[in-house]
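A.B. asks: Take a look at this one; I'll ask things after.
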Amino acid sequence: MKSLLGDRVLNSFTPLHYGTFGGLPTRILYIFVGLAPLILFITSFVMWKHRYKTKFTTGFIKRFVLK
Numbered sequence: 012m013k014s015l016l017g018d019r020v021l022n023s024f025t026p027l028h029y030g031t032f033g034g035l036p037t038r039i040l041y042i043f044v045g046l047a048p049l050i051l052f053i054t055s056f057v058m059w060k061h062r063y064k065t066k067f068t069t070g071f072i073k074r075f076v077l078k
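Just so you know, we're using my numbering here: the sequence shown kicks off at 12 and counts up by one.
This is the structure in structure tokens:
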């Protein structure tokens, strides 16, 4: 019996999901791709916190020290 294209595509999703289609290199790539949102969240939070802290400190210096 001839395999349909749709069946072949659907059957390829399982190895893609578990990362078993390319061996160790794709599993390592999946680790970095999976950690990317966490790293982006942490770095953006640090940048936001630093920006907020600098604005507050600059305003404090202008109001009380430079009078």
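Glycine included, every Cβ here is placed at the ideal spot set by N, Cα and C.
In the structure shown, what three-state DSSP assignment does residue 40 receive?
C.D. replies: Looking at residue 40 - three-state DSSP - the assignment turns out to be helix.
A.B. asks: Measure the beta-carbon distance from residue 38 to residue 45 and round it to whole angstroms, keeping in mind my assumption that it falls under 8 Å.
C.D. replies: Contact doesn't hold; Cβ gap of about 10 Å is too wide.
A.B. asks: State the Cα-Cα distance for the pair residue 27 and residue 48, rounded to the nearest angstrom.
C.D. replies: Going from the Cα of residue 27 to the Cα of residue 48 covers about 20 Å.
A.B. asks: Rounded to whole angstroms, what is the Cα-Cα separation between residue 57 and residue 25?
C.D. replies: Approximately 37 Å between the Cα atoms of the pair.
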